[in-house]
Amino acid sequence: MQTAQQHGTIDKVLFRFFIFWYSVGLILLVFDILPPALEWANSVFLIACGVLGGFYFYRTYGNFGAIFTLFVLFGSIIAESIGVKTGLIFGQYNYSDQLGLQWLGVPVAIGFAWVMIIAVSHAIAGGIVKPFKGQTAIKIPLYVVTGGLIAVVMDGIIDPVAYLVKGYWFWDGSGIYYGIPLQNFVGWFLLASFFHITLVTGLNITKKTATTQHPYWHSRTIAVFLMVTSMFVVLGITSELYLASVGVTFASIILLSLYRINNKPLSLNRNIAFSPRER
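Residue numbers (the working numbering): 19 to 297.
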């Protein structure tokens with residue numbers, strides 16, 4: 019069995035494929051030259067993001083990481099399905115057919131997107147809370163809240179672009195933030211926080227809470243956050259969504275600055291410790 023320090027050729031191939039797909043897609047989307055026949059490429063991009071997030075969790079936490087990845091994948095789709103059918107979690111919205119195969123009324127690609135969001139928010143939040151070593155009573159709640167806020171920051175630009183520019187889903191238009199209800203962002207925060215609480219709990223139970231950050235995947239997971247957020251910010255700017263673009267850029271700078279302060283230089287060999295020994 020591979021340890022958390024190891025990775026194989028498949029890891030490198032997957033990340034290089036992602037870089038290629040991202041680069042080509044960014045050019046096609048920014049210049050609005052993506053042919054309608056290639057709209058399926060957007061769902062492939064989201065699935066690729068989720069696969070990278072899954073590898074991050076698996077390489078870092080072993081079999082538990084793989085199980086958690088599946089939990090986020092299917093749990094997010096179920097939560098989104100409840101949201102679509104009842105409007106209770108995120109507000110009133112519906113998905114279009116542009117993101118391909120659906121399950122329970124939700125594009126499967128959305129589940130993969132959630133895996134990516136939880137992976138990048140975990141990597142960043144874990145670095146931000148490092149100064150509270152030995153203070154578990156503070157550290158775990160701070161980690162969960164920070165992880166949830168990172169997810170909301172990402173959705174601050176993803177949602178307006180996906181709704182108003184790409185038409186991946188549709189709101190009833192009554193929200194004050196580009197027609198998106200504030201309930202959506204509350205729902206994002208609560209769902210992301212739930213996944214982070216589950217992750218910390220599972221790591222404590224499996225005694226994997228002091229696992230060293232993976233030397234290959236940790237930095238690349240941070241890079242995925244930068245690339246995905248930057249892509250949507252650029253699309254937001256070209257589509258005149260200036261409030262969302264500037265706001266998310268500013269919030270991302272703050273988050274990454276806090277991460278950088280506690281990881282000088284950006285280190286791949288620090289411990290994410292939520293161990294019972296800290297109590």
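C-beta: ideal position from N, C-alpha, C; glycine also.
Check                                                                                                  : Outcome
Test item: CB-CB of G193 and G109 under 9 Å                                                            : yes
Cβ shell of Q20 (< 7 Å), same chain only, five flanking positions each side left out                   : For Q20, the pLDDT reaches just 45, beneath the cut-off of 50, and the residue's location in the model is therefore unreliable, leaving the point undetermined.
Through-space distance from L274 to W121, alpha-carbon basis                                           : 35 Å
Contact under 9 Å by Cβ, P136 with H236                                                                : According to the sequence shown, residue 136 is Ile rather than Pro. Not a contact, by the Cβ cut-off of 9 Å.
Contiguous alpha helix (DSSP H) assignments of at least 4 residues, all confined to the region 181-246 : 200-223
Selection from V42, Y195, S270 that minimises the alpha carbon distance to L259                        : Y195
Euclidean distance between Cα positions of L200 and I279                                               : 31 Å
The ligand PLP heavy atom lying under 8 Å from the CB of L106                                          : As for the ligand PLP, it is missing from this structure, which has no ligand bound.
Distance between G197 and W187 (C-alpha atoms, nearest Å)                                              : 12 Å
Residue burial classification, D29 (beta-carbon count within 10 angstroms, cutoff 16)                  : buried
Terminal residues of the beta strand (DSSP E) in which N60 lies                                        : Counting along the chain, N60 falls outside any beta strand (DSSP E), though it belongs to the alpha helix (DSSP H) covering 58-104.
Segment contact, 8 Å Cβ cut-off, at least three pairs: the region 113-129 with the region 137-145      : no
Under the three-state DSSP convention, the category P125 falls into                                    : strand
Residue from F212, S114, V170 with nearest C-alpha to G185                                             : S114
Presumed contact (8 Å Cβ cut-off) between L32 and V69, rounded CB distance                             : 6 Å
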